[in-house]
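Residue numbers (the numbering used here), protein chains in the order written: chain A, 46 to 261; chain B, 729 to 946. Cβ coordinates follow ideal geometry from the N, Cα and C atoms, glycine included. Here is the structure we will look at.
Spelled out as structure tokens, the structure:
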């Protein structure tokens, strides 16, 4: 569950508020869409809701942001990661660049948690299965198309089994067929109780998977 | 690493021996071309060393000093070139991690190894974007130089912005979690490899000690 209570944010070194005071509640299993023109703060809302701002990148936060009842500013980075996964609009920067196969790339998160190898394998396979990307498991992460990269990064987040997901334009590099796959995956995740905040330009996708849509 | 360190310490025939052994190993591994390119890349350094030591009166070292410096350089750089030509970065990193190196140190090394290809890919993107805007990056050297300037700013700013994105990307993958990471693959380490490793370590210690004694006696 993610709660924004009059949350406003400005980036380090900036005097302007990139996110004006915003309130929002995202309940378990709910998919909430965020739409709006460019530069209206969709990406900022995503990183604030996920706790990355200000925990990782600094800046000033006013109001409160809670993930599963805990204030984001009180959580360490790895605790945030297990509670909330974030997919950026440029997925290529989310690849570590340290692995030879997609399988290892997806397993990176569970390995960071120091989980037993058996559980790492189980989570990795199930995450790849969830986004229908098992066929990419043996490929080199650096040789994927934009859409494939997006799916692999999403699988990497799902392998951490977060209860909340923040997706910033997850289908921007996908063809309509793959977009449907992502839409199905989002619906399936919501069915298992995962709450999803979905920033998207695609009105059709928002209408298909979101219970409500916020316009910025 | 042993070869590089001994070449730097001893120079002369030791450096020649290390360079020859490296060349033989590269021949066996099918990487002799890569080694030759690395050796050729030292040509400007060799030329300037020759100029300073042999031709300019202020250098004073003469031809012998110039050749000795070049041999040291060859002996120090060729083994490292061969290491990176024959070892894939993920193998090197997982091996280091299996031997107890911290995840942050391993990531810094991995990021450093990946920095050059990443910068090349970014440069290609920037050049294509600027060309699409009508920038001329071909023709005479003067025109090319003029075309370089608008490429540098987006290249540097883009690289700096990417650092923040990558930091966030690591955080959302629980990179900062405490404790040891799970290692999915243990790199192969045969008995022969272990013996060779200990032998080269012993050779390094003996070689450096012998050099220290030789210098002290002189």
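DSSP beta-bridge partners of residue i
i	result
residue 131 of chain A	A:211
residue 935 of chain B	Partner(s): none; residue 935 of chain B has no beta bridge.
residue 855 of chain B	Its beta-bridge partners do not exist; DSSP assigns none.
residue 112 of chain A	A:47 and A:115
residue 52 of chain A	A:67
residue 243 of chain A	A:78 and A:212
residue 258 of chain A	A:78
residue 105 of chain A	A:55
Cβ-Cβ distance between residue i and residue j below 8 Å
i	j	result
residue 896 of chain B	residue 97 of chain A	yes
residue 64 of chain A	residue 100 of chain A	no
residue 852 of chain B	residue 882 of chain B	no
residue 767 of chain B	residue 806 of chain B	yes
residue 748 of chain B	residue 804 of chain B	no
residue 78 of chain A	residue 259 of chain A	yes
residue 228 of chain A	residue 250 of chain A	yes
residue 240 of chain A	residue 75 of chain A	yes
residue 142 of chain A	residue 261 of chain A	no
residue 782 of chain B	residue 774 of chain B	no
residue 751 of chain B	residue 763 of chain B	yes
residue 138 of chain A	residue 890 of chain B	yes
residue 202 of chain A	residue 210 of chain A	yes
residue 191 of chain A	residue 223 of chain A	no
residue 46 of chain A	residue 71 of chain A	yes
residue 113 of chain A	residue 177 of chain A	no
residue 144 of chain A	residue 153 of chain A	yes
Closest by C-alpha distance to residue i, when choosing among the options
i	options	result
residue 195 of chain A	A:230, A:163 and A:208	A:230
residue 206 of chain A	A:95, A:171 and A:244	A:171
residue 733 of chain B	B:941, B:935, B:942 and B:945	B:935
residue 811 of chain B	B:795, B:754 and B:937	B:754
residue 204 of chain A	A:150, A:218 and A:242	A:150
residue 54 of chain A	A:192, A:74, A:79 and A:86	A:86
residue 831 of chain B	B:801, B:887, B:809 and B:908	B:908
residue 894 of chain B	B:858, B:824, B:906 and B:843	B:843
residue 840 of chain B	B:828, B:857, B:821 and B:829	B:821
residue 778 of chain B	B:765, B:815 and B:792	B:792
residue 849 of chain B	B:886, B:835, B:869 and B:874	B:886
residue 232 of chain A	A:166, A:117, A:73 and A:157	A:73
residue 247 of chain A	A:95, A:221 and A:210	A:221
residue 833 of chain B	B:904, B:870, B:769 and B:845	B:904
residue 801 of chain B	B:823, B:738 and B:892	B:738
residue 745 of chain B	B:819, B:924, B:730 and B:926	B:730
residue 148 of chain A	A:118, A:182 and A:140	A:182
residue 300 of chain A	A:48, A:84, A:67 and A:89	Beyond the ends of chain A as shown, which are 46 and 261, falls residue 300 of chain A; an answer cannot be given.
residue 884 of chain B	B:847, B:824 and B:862	B:847
residue 122 of chain A	B:917, B:945, B:943 and B:906	B:906
residue 115 of chain A	A:175, A:179, A:48 and A:156	A:48
residue 808 of chain B	B:759, B:869, B:826 and B:946	B:759
residue 879 of chain B	B:925, B:740, B:892 and B:859	B:859
residue 252 of chain A	A:225, A:83, A:234 and A:95	A:225
residue 857 of chain B	B:916, B:868 and B:875	B:875
residue 743 of chain B	B:776, B:797 and B:929	B:797
Chain B contact residues for residue i, given Cβ-Cβ distances below 8 Å
i	result
residue 142 of chain A	838, 839, 842 and 846
residue 91 of chain A	Near residue 91 of chain A there are no residues of chain B at all, since even the closest Cβ is about 11 Å away, more than 8 Å.
residue 165 of chain A	910 and 912
Contacts of residue i in chain A (Cβ-Cβ under 9 Å)
i	result
residue 853 of chain B	In chain order: nothing, as chain A lies at least about 11 Å away.
residue 684 of chain B	With chain B covering 729 to 946 only, the question about residue 684 of chain B has no answer from this structure.
residue 903 of chain B	122, 123, 126, 141, 153, 154 and 157
residue 907 of chain B	158 and 159
residue 893 of chain B	133, 135, 138 and 139
Partners in chain A for residue i, counting only beta-carbon separations shorter than 8 Å
i	result
residue 856 of chain B	Within 8 Å Cβ-Cβ: nothing; residue 856 of chain B doesn't reach chain A, min ~15 Å.
residue 896 of chain B	92, 97, 101, 102, 131 and 133
residue 818 of chain B	143, 144, 145 and 149
Residue i: contacting residues in chain A (beta-carbon distance under 7 Å)
i	result
residue 791 of chain B	Those do not exist, as residue 791 of chain B stays about 45 Å from chain A at its closest Cβ, beyond 7 Å.
9 Å Cβ cut-off: residues of chain B touching residue i
i	result
residue 162 of chain A	910, 911 and 912
residue 202 of chain A	900 and 901
residue 205 of chain A	900, 901 and 902
- Query: If we count Cβ pairs, one from each stretch, closer than 8 Å, do we get three or more for the segment 185-196 of chain A versus the segment 88-106 of chain A?
  - Reply: Under the Cβ criterion (8 Å, minimum of three pairs), the segment 185-196 of chain A does not count as touching the segment 88-106 of chain A.
- Does the segment 121-132 of chain A come close enough to the segment 897-909 of chain B to have 3 or more Cβ pairs within less than 8 Å? yes
- Query: Would the segment 134-150 of chain A and the segment 211-221 of chain A be scored as touching if the rule is three or more Cβ pairs under 8 Å?
  - Reply: yes
- Query: Hey, is the segment 903-922 of chain B in contact with the segment 158-168 of chain A, meaning 3+ C-beta pairs nearer than 8 Å?
  - Reply: yes
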